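S.K.: Could you have a look at this structure, given as structure tokens, before my questions?
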Amino acid sequence: MTDSGFDLSENEFLLFKQLIYRETGIYMSDKKKKLIVARLSKRLRALNLSNFTQYYEYLNEAGNADNEIVNLINRITTNKTDFFRERHHFDFLLNELFPKMIAESRSGGQRKLRIWSAGCSSGEEPYTIAMTVLEAFKAERGWDIKILATDLDTEILQKAIDGVYPTQAIVPVPKEYIPRYFIRTGDMYELNQEVKSLIAFRRLNLMDESFPMKNPFDIIFCRNVIIYFDAQTKDALLAKYHKYLKDGGYMFIGHSESLMHMKDSFRYLKHTIYQKA
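Note that our numbering has the sequence shown beginning at 23, numbered continuously upward.
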């Protein structure tokens with residue numbers, strides 16, 4: 023018996039590994055057995071179930087499947103993120119890429135920018151992108167700029183939509199940005215409407231065969247997401263990102279990830295920054 027009060031047999035573990043992989047693309051190694059028990063035991067208690075076999079059967083009953091799969095996913099997914107995480111990405115946007123786009127627009131280029139934050143978690147990444155956009159384009163007029171932020175976890179997505187963070191969370195934010203982009207209430211800081219208006223938050227499963235977005239993106243952020251996938255799932259997802267990037271569009275990934283094995287699709291620019299080949 024585990025500390026949670028529930029045991030997970032090897033057969034049950036295999037069933038849940040397969041279910042999680044099928045629904046999320048996340049591969050759970052044998053080391054993750056205790057994590058599954060710890061994170062899903064609350065659902066067993068909430069549903070008054072005695073063991074994981076009963077929970078698996080519950081998940082596969084037609085009337086329960088859709089809602090409970092969402093609950094399972096919310097418990098399993100990892101949501102570690104910070105404002106201005108991997109700062110060099112935002113320095114590149116602010117000092118190199120956005121000025122380049124602005125210069126091109128003044129020579130007859132388009133004034134339209136589309137950015138996708140895939141796996142946006144609790145919102146720090148898309149809000150950081152939005153603040154960087156506002157800094158770079160503050161002297162510009164007539165630009166059509168939209169940021170799409172998606173995640174699989176409905177609970178964490180609601181936190182992102184709310185856009186309210188404790189003092190500790192905004193420590194990485196440049197001090198001069200705080201009065202510009204946040205509204206303070208006690209020890210909590212909420213992103214203001216100027217920032218929020220740039221972002222549309224949506225639930226999206228990256229394992230879906232196709233995505234509902236009709237138009238390609240100039241920039242895609244997918245950082246510290248593909249590390250949870252096996253090679254086959256990772257390459258399939260990256261192929262979809264390639265499809266949804268404009269020609270010459272930019273791909274930003276996490277510090278422990280690489281696209282060097284996809285040189286025909288993505289050209290290396292700087293550490294964890296690539297351009298569609």
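Glycine is no exception: its CB is placed at the ideal position from the N, C-alpha and C atoms. For clarity, every value in this text was computed on a predicted model and none was experimentally measured.
Compute the Euclidean distance between the alpha carbons of Tyr272 and Gln297, then round it to the nearest angstrom.
M.R.: If I take the Cα positions, the gap works out to 4 angstroms.
S.K.: Take Asp209 as the anchor and find which of Ile183, Ile242, Tyr187, Ala171 has the nearest alpha-carbon.
M.R.: That would be Tyr187, whose Cα lies nearest to the Cα of Asp209.
S.K.: From Ile98, Gly47, Leu69, Glu32, pick the residue whose C-alpha is nearest to that of Ala60; which is it?
M.R.: That would be Ile98, whose Cα lies nearest to the Cα of Ala60.
S.K.: Using a Cβ-Cβ cut-off of 7 angstroms, state whether Trp165 counts as contacting chain C.
M.R.: No chain C appears in the structure shown, which is made up of a single protein chain.
S.K.: Measure from the alpha carbon of Leu260 to the alpha carbon of each residue in His293, Ala299, Lys292, Leu291, then state which is nearest.
M.R.: Nearest of His293, Ala299, Lys292, Leu291 to Leu260, Cα basis: Ala299.
S.K.: Pick from Asp230, Ser144, Asp240, Phe28: whose alpha carbon is nearest that of Asp166?
M.R.: It is Asp240.
S.K.: Apart from the five residues on each side of it in sequence, which residues of its chain come closer than 6 angstroms, Cβ to Cβ, to Lys39?
M.R.: Answer for Lys39: Met50, listed in chain order.
S.K.: Is Glu147 near Ser139, with beta carbons less than 7 angstroms apart?
M.R.: Closer than 7 angstroms, so yes.
S.K.: Within its chain, find whatever has a CB closer than 6 angstroms to the CB of Ile200; leave out the 5 residues flanking it on each side and keep chain order.
M.R.: None.
S.K.: Just checking Asp240 against the ligand SAM - is the residue's beta carbon closer than 6 angstroms to any of the ligand's heavy atoms?
M.R.: Annotation note on the ligand SAM: not contained in the displayed structure, which lists no ligands.
S.K.: Report the partner residues of Thr207 according to the DSSP bridge assignment.
M.R.: Partner(s): Met210.
S.K.: Would you kindly check if the distance between the Cβ of Phe274 and the Cβ of Ile248 is under 7 angstroms?
M.R.: No. Outside cutoff.
S.K.: Would you report the Cα separation of Gln215 and Cys142, rounded to the nearest angstrom?
M.R.: Taking the straight line joining both Cα atoms gives about 19 angstroms.
S.K.: Pair every Cβ in the stretch 83-91 with every Cβ in the stretch 130-137, then say whether three or more of these pairs are closer than 8 angstroms.
M.R.: Short answer: they don't touch.
S.K.: Any idea if Lys197 is buried or exposed, counting beta-carbon neighbours within 10 angstroms, 16 or more meaning buried?
M.R.: Its Cβ having fewer than 16 others within 10 Å, Lys197 is exposed.
S.K.: Which residues in the same chain as Ile42 place their Cβ atom closer than 7 angstroms to its Cβ, once the five residues preceding and following it in sequence are excluded?
M.R.: Contacts found: Ile48, Met50, Ile98.
S.K.: Between which two residues does the alpha helix (DSSP H) holding Ser127 run?
M.R.: Start and end: 120-128.
S.K.: Quick one: any contact between the stretch 221-237 and the stretch 165-183, if contact means 3 or more CB pairs under 8 angstroms?
M.R.: Short answer: they touch.
S.K.: Could you tell me which of Ile95, Asn73, Phe120 sits nearest to Ala161, measuring between CA atoms?
M.R.: Minimum Cα distance to Ala161 is reached at Phe120.
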